[in-house]
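Chemist:
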Amino acid sequence: MVGGFCLSADRLDDLVAIGAKDSKALSATARERVFAGLDRVGTMAHVVLSPRTVDAAVRRGKLNDLEAKAFAQLVHELSPDVAYVDACDPNELRFGARVARLAGGTARVVARHHADRDFPVVGAASIVAKVRRDRAMARLRERLGEGLGSGYPSDARTIQFVRLALAELPRTPSWVRSSWATMQRVKPRRPARTLDGYAP
């Protein structure tokens with residue numbers, strides 16, 4: 005999930021007043037509270053990236069490109085004069101130029117590392133992404149059961165749920181990213197097959 009938020013420069017103080025900041029610095033309850041106030045200050049948008057889309061990008065070594073395209077889609081949709089984005093590339097200028105080019109070149113793009121921490125508007129965008137992600141997980145739990153947990157690698161319930169699903173299902177389910185680093189720890193170990201297993 006990638007979030008975006010757009011507002012007039014003269015509403016920035018209002019954005020700060022409702023508590024917009026890096027979503028990682030807020031509890032789930034606080035994120036929902038700020039999220040509820042965002043549409044009174046500006047315009048929210050988001051892009052959904054499916055697990056399969058992310059996996060395909062990771063396999064090709066193109067995850068940064070995928071993220072740049074998602075950011076560009078939001079810049080194009082929201083049409084700001086200036087867009088602040090969290091740089092997903094060690095080279096901030098290169099990433100910003102890529103997003104600007106993909107967005108059609110109509111906005112000046114400022115890319116910075118830790119932009120969600122340093123710019124309230126990017127913090128607001130991170131809240132949009134996190135709340136949308138949390139709600140998507142809630143819908144998935146309704147379908148699969150509460151044992152799914154939060155979906156984060158630090159959640160022991162999630163790890164156990166995924167481990168059991170991988171052991172019981174014939175293929176990786178569509179709701180799991182195969183490229184998720186945690187998968188290397190939880191996927192079942194297949195017994196080694198030796199050449200003598202094929203002897204007539």
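Each residue of the sequence shown is one higher than the last, beginning at 5 in my numbering.
Don't be surprised by glycine CBs; every beta carbon is placed ideally from N, CA and C.
Everything numeric in this text was worked out from a predicted model, so none of it was measured.
1) Measuring CB to CB, does L42 end up less than 8 Å from A74?
2) For a quick check, are the C-beta atoms of L16 and T47 less than 8 Å apart?
3) Cutting at 6 Å between CB atoms, please list the residues of its own chain near D120, excluding the five before and the five after it.
4) Restricting to Cα atoms, I'd like to know which of L70, A185, H80 and P124 is closest to F99.
5) F239 by DSSP, collapsed to three states: which one?
6) Skipping 5 residues on each side, what residues in its chain have a beta carbon closer than 6 Å to that of C77?
7) Just how far apart, CA to CA, sit R35 and A169?
8) Tell me the rounded alpha-carbon separation between V180 and V132.
9) Looking only at its own chain, which residues have a Cβ that is under 7 Å from the Cβ of S182, when we skip the five neighbours before and after it?
10) Where does D90 sit, in a helix, a strand or coil, going by DSSP?
11) Given a cut-off of 8 Å, decide if G23 and V38 are closer than it, judged by their beta-carbon atoms.
12) Sort T33, P174, R64 and A107 by Cα distance to V135 and report the nearest one.
Modeler: Quick answer:
1) Mapped onto the sequence shown, residue 42 falls at position 38. Mapped onto the sequence shown, residue 74 falls at position 70. Going by C-beta atoms, L42 is not nearer than 8 Å to A74.
2) The residue labelled residue 16 in the question sits at position 12 within the sequence shown. The residue labelled residue 47 in the question sits at position 43 within the sequence shown. No, the Cβ-Cβ distance between L16 and T47 is not below 8 Å.
3) Here the question's residue 120 lines up with position 116 in the sequence shown. Cβ within range, chain order: D26, D90, V126, G127 and S130.
4) The sequence position of residue 99 within the sequence shown is 95, counting from 1. Measuring from the Cα of F99, the nearest candidate turns out to be L70.
5) Since the first residue shown for the chain is 5 and the last is 204, residue 239 is missing from the structure and cannot be characterised.
6) Here the question's residue 77 lines up with position 73 in the sequence shown. This sequence places Gln at residue 77; Cys is not what is there. If we look at Q77 and ignore the five residues flanking it on each side, its Cβ neighbours are V51.
7) For this step, residue 35 is matched to residue 31 along the sequence shown. For this step, residue 169 is matched to residue 165 along the sequence shown. Looking at the backbone, the Cα of R35 and that of A169 are separated by about 30 Å.
8) Against the sequence shown, residue 180 aligns to sequence position 176. Against the sequence shown, residue 132 aligns to sequence position 128. Whole-angstrom Cα-Cα distance: 22 Å.
9) Mapped onto the sequence shown, residue 182 falls at position 178. Excluding sequence neighbours, S182 sits near D59 and T176.
10) As a first step, residue 90 is located in the sequence shown; it is residue number 86 there, counting from the start. The answer is strand: DSSP assigns D90 an E or B state.
11) Sequence index remark: in the sequence shown, residue 38 carries index 34 (1-based). Sequence index remark: in the sequence shown, residue 23 carries index 19 (1-based). A Cβ-Cβ contact shorter than 8 Å links V38 with G23.
12) Residue numbering aside, residue 135 sits at position 131 when the sequence shown is read from its first letter. Closest option to V135, Cα to Cα, is T33.
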